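Heads up: the structure comes next, in structure tokens.
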Amino acid sequence: RPGSGRPPALGRAVRAALADAGVAPGAVDVVFADAAGLRAADSAEADVLTEVFGPYGVPVAVPKTMTGRLYGGGPPLDVAAALLSMRDQVLPPAVHLDRPVPGHRLDLVRGRPRPARVRTALVVARGHGGFNSAMVLTAPGPTPAPGPDTGPGAP
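Letter by letter, the sequence shown follows residues 1 to 155 of my numbering.
What follows is the structure, encoded as structure tokens:
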């Protein structure tokens, strides 16, 4: 709550998601931002992302610029976009983003898709009434070939 002296809830959600996943901020390849389209909310989100990842520290994708605000449907769209980015190794661009938050210091993916190595993504979601959520998605690692102790019939 503003004025409570506690860190912003979104920052706590982002840090908790990273800690729960055992992922350092530097290992995140892209953030799928909530980007509500409200100056105060977007500024607060930009501040949190800059604090956690550093200025221009990670590409920030905003797929909702293509669809508009989907409310409860927004986070699943962002998760799907993150998984497609992992599969295709490309980040979706923000569209119609002519005036980003002034002084934001974010590496916004704008204009055209950006080729990128994507193995780890952070998806941020917020809602009215103080809902704040963050989810870390990681691409599966290579599956080891079955060895003498891992094949069929192994103990």
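Cβ coordinates follow ideal geometry from the N, Cα and C atoms, glycine included.
Here the structure is a predicted model, which is why all the values come from computation and not from measurement.
Start-to-end residues for the beta strand (DSSP E) that takes in residue i
i: Pro-76; result: Segment 74 to 88 is the alpha helix (DSSP H) holding Pro-76; no beta strand (DSSP E) there.
i: Leu-122; result: 120 to 127
i: Ala-61; result: 59 to 61
i: Val-109; result: Taken as a continuous stretch (DSSP letters only), Val-109 belongs to no beta strand (DSSP E), as it is neither H nor E.
i: Ala-134; result: 131 to 138
i: Val-31; result: 30 to 32
Alpha-carbon to alpha-carbon, residue j and residue i
i: Gly-111; j: Asp-98; result: 10 Å
i: Gly-26; j: Ala-46; result: 17 Å
i: Arg-69; j: Val-118; result: 25 Å
i: Thr-138; j: Ala-121; result: 6 Å
i: Val-219; j: Pro-76; result: In the structure displayed, the chain extends from 1 to 155; residue 219 sits before or after that span and is not available.
i: Ala-157; j: Val-28; result: Summary: the structure shown does not reach residue 157, with the chain confined to residues 1 through 155, and so no result is reported for it.
i: Ala-9; j: Gly-129; result: 12 Å
i: Ala-36; j: Ala-80; result: 18 Å
i: Ala-17; j: Phe-32; result: 14 Å
i: Gly-57; j: Val-23; result: 15 Å
i: Asp-88; j: Val-109; result: 16 Å
Spatial neighbours of residue i in its chain, beta-carbon cut-off 7 Å, leaving aside the 5 residues before and after
i: Asp-34; result: Glu-45, Val-124, Ala-125 and Arg-126
i: Gly-74; result: Lys-64 and Ala-125
i: Val-48; result: Pro-8, Leu-10, Gly-11 and Val-14
Buried versus exposed call for residue i [16 or more other C-beta atoms within 10 Å across all chains shown]
i: Gly-141; result: exposed
i: Ala-19; result: exposed
i: Asp-149; result: Here Asp-149 scores only 42 on pLDDT, less than 50, and its place in the model is too uncertain to base an answer on.
i: Ala-82; result: buried
i: Pro-59; result: buried
i: Phe-131; result: exposed
i: Asp-78; result: buried
i: Leu-106; result: buried
Nonlocal neighbours in the same chain, by C-beta distance under 8 Å from residue i, ignoring five residues either side
i: Ser-85; result: Val-30, Ala-61, Leu-91, Pro-92, Ala-116, Val-118 and Ala-121
i: Arg-15; result: Val-52
i: Ala-40; result: none
i: Pro-113; result: Val-90, Leu-91, Pro-92 and Pro-93
Start-to-end residues for the alpha helix (DSSP H) that takes in residue i
i: Ala-19; result: 9 to 21
i: Ala-41; result: 39 to 53
Own chain residues within Cβ distance below 6 Å of residue i, not counting five before or after
i: Ala-21; result: Val-136
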